[in-house]
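Beneath this line is the structure, given in structure tokens, with notes to follow.
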Amino acid sequence: MVFEARRIETINRTKQNSDYFLFQLLGLGTWHMLYWPPYRLPRSRLDSNAWDHFVFVLDQLIGKIWTECHLQPLLCGKLLQAVLVLELSVALAPFAMSLLSKLRCITVDVTGTLIAYKGELGDYYCMAAKSVGLPCPDYKRMHEGFKLAYTEMAKKYPCFGHAAKLPTIVWWKTCVKNSFIKAGYDYDEETFEKIFRRIYASFGSSAPYSVFADSQPFLRWARGEGLLVGLVSNAEYRYQDVILPALGLKQLTLDLIQFRGVYLNAPKIIVKAIACMHACVCVHPLYYQNLLMLLRTVHAELKKSNVNIILENQGSEWDFGVFSGLEGVEKPDPRIYKIALERAGKIAPEVTLHIGDSMRKDYLPAKSVGMHALLLDRFKTPDAVEWKKSGATVLPDLAAVQEFLTSGNKLS
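Set out below in structure tokens:
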């Protein structure tokens with residue numbers, strides 16, 4: 006290889022240098038890091054103090070090599086190449102044995118994991134009734150009526166009527182009407198139409214939902230670590246198109262997906278930077294300060310190109326979504342998780358983790374297709390005791406998940 010020949014030539018030229026062994030560490034030892042498959046360049050893992058220290062050491066080293074090797078541009082280019090590889094190794098090495106380093110994709114449940122309902126169902130039915138001058142329905146009766154009506158509709162027309170090609174609004178209209186009837190309220194068509202439109206609009210907005218405080222930081226952290234992030238939910242299309250974006254949880258757009266495919270690949274970043282550096286060094290072989298500035302510029306460019314920063318500015322938290330109302334299959338059917346793996350680019354289940362709050366709908370079906378899985382217990386459910394006894398990993402929130410993934414823990 007051309008690079009290998011250059012490496013040997015560079016070492017031969019520096020054997021008389023007093024910093025030969027340090028150069029060996031930078032140029033030879035870290036050279037092999039290029040062949041260690043780094044799926045990502047996680048800037049968040051790199052200690053800024055460590056980088057400053059390396060810049061200081063290299064400042065001294067470049068000065069000596071620059072003087073003693075008669076201003077060899079090839080040597081300086083090789084040294085800069087070593088810096089980039091070393092930076093990558095520093096970023097990755099401390100976490101090489103963490104669970105995070107073994108993952109390439111995380112899928113997350115939505116309701117109960119990322120978001121929760123605000124208030125009670127009766128609150129929104131009450132507001133809708135008041136909007137047409139009617140008294141509030143009884144909360145308890147309304148809640149029970151809705152449970153019965155929803156269960157019947159889900160059984161008769163699963164996945165929000167996907168197989169029957171029933172429009173979502175028709176599915177919900179039937180469900181809401183039956184909810185009122187079962188609760189003892191039978192409105193005339195005109196009155197019900199007004200009430201329903203108010204309810205449908207409310208639940209198609211961000212109003213009835215709240216985002217857990219750790220949801221957005223966790224999703225952005227995961228994507229900053231180079232992981233694909235997908236959502237898997239028993240929900241209809243409005244979750245993807247309206248509700249989640251309105252809550253600030255936005256999907257990655259096509260142009261950013263293309264950007265991510267290029268710039269999230271560490272070797273591509275390094276090769277591109279090396280090419281730029283070699284060109285610059287050859288044009289300005291006598292300018293030591295320019296070389297130092299170039300080194301720092303490349304570091305700054307890598308920071309600027311970091312997908313985490315760019316995506317943070319774009320306000321996107323997830324790469325793909327699998328919603329039952331759009332796919333025609335719902336949890337706990339394992340097929341919905343197979344769809345998620347397919348949507349992630351036919352990714353292997355062994356490098357994918359699913360996070361949810363239901364043993365039946367999240368943990369068991371995800372495990373059945375070979376994925377890693379863990380459960381959240383945000384509300385201290387009594388079932389969590391049994392979950393743990395069964396061998397499941399159970400954590401209180403997504404902040405705890407982040408800590409768990411970056412430590413030496415193993416999923417049970």
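Quick note: the sequence shown uses our numbering, first residue 6, plus one each step.
Heads up, the beta-carbon is just placed ideally off N, CA and C, and yes, glycines get one too.
Nearest neighbour of residue 124 by Cα position, chosen from 337, 148, 111, 166, turns out to be 148.
The Cβ-Cβ distance between residue 207 and residue 252 does not fall below 8 Å. Bridge pairing for residue 173: absent [DSSP]. Annotation for residue 131: the continuous alpha helix (DSSP H) segment containing it runs 126-135. Per DSSP, residue 227 has no beta-bridge partner at all.
As computed with DSSP, residue 216 is found in a beta bridge with 120.
Per DSSP, the beta-bridge partners of residue 110 are 233, 357. DSSP lists no beta-bridge partner residue for residue 240.
With contacts defined by Cβ atoms closer than 8 Å, residue 120 and residue 360 do not form a contacting pair. The residues 119, in chain order, have a CB closer than 6 Å to that of residue 220 in the same chain once the five nearest residues on each side in sequence are set aside.
Ranked by how close their Cα comes to the Cα of residue 395, the residues 365, 171, 383, 343 have 365 in first place.
Contact check between the segment 134-148 and the segment 379-389: fewer than three CB pairs, one atom from each, fall below 8 Å, which does not count as touching. With contacts defined by Cβ atoms closer than 8 Å, residue 151 and residue 241 do not form a contacting pair. Secondary structure note for residue 325: its beta strand (DSSP E) is the uninterrupted segment 325-328. Taking the Cα positions, residue 153 is about 14 Å away from residue 190. Residue pairing by DSSP places residue 415 in no beta bridge whatsoever. Among the bridge pairs identified by DSSP, residue 399 is matched with 380. Setting aside the 5 residues that flank it on each side, residue 352 is surrounded in the same chain by 109, 110, 233, 346, each with a C-beta closer than 8 Å to its C-beta; the list follows chain order. The continuous stretches of alpha helix (DSSP H) do not include residue 190, and DSSP gives it neither H nor E.
One thing to note: residue 116 has its Cβ within 8 Å of the Cβ of residue 238.
For residue 255, the secondary structure class from DSSP, reduced to helix, strand or coil, is strand.
For residue 322, the secondary structure class from DSSP, reduced to helix, strand or coil, is strand.
By the criterion of a C-beta distance shorter than 8 Å, residue 171 is surrounded in its chain by 162, 165, once the five residues flanking it on both sides are discounted. Residue nearest to residue 248 within the set 209, 329, 229 is 209 (criterion: CA-CA distance).
When only Cα atoms are considered, residue 179 and residue 333 end up about 19 Å apart. A distance below 7 Å between beta-carbons, with the five flanking residues on each side excluded, links residue 177 to the following residues of its chain, in chain order: 205. Residue state for residue 155 is assigned as helix, using DSSP reduced to three classes.
Secondary structure at residue 211: coil, using DSSP grouped into helix, strand and coil. Here residue 328 is not near residue 407, since their CB atoms are 8 Å or more apart.
Comparing alpha carbon positions, the residue from 196, 128, 175 closest to residue 213 is 128.
DSSP places residue 362 in the coil class of the three-state scheme, outside both helix and strand. The beta carbons of residue 104 and residue 414 sit closer together than 8 Å. Residue 231 is positioned such that its CB atom lies no closer than 8 Å to that of residue 325. The C-beta distance from residue 380 to residue 392 rounds to 6 Å, short enough to fall under 8 Å. Note that the C-beta distance between residue 362 and residue 340 is not below 8 Å.
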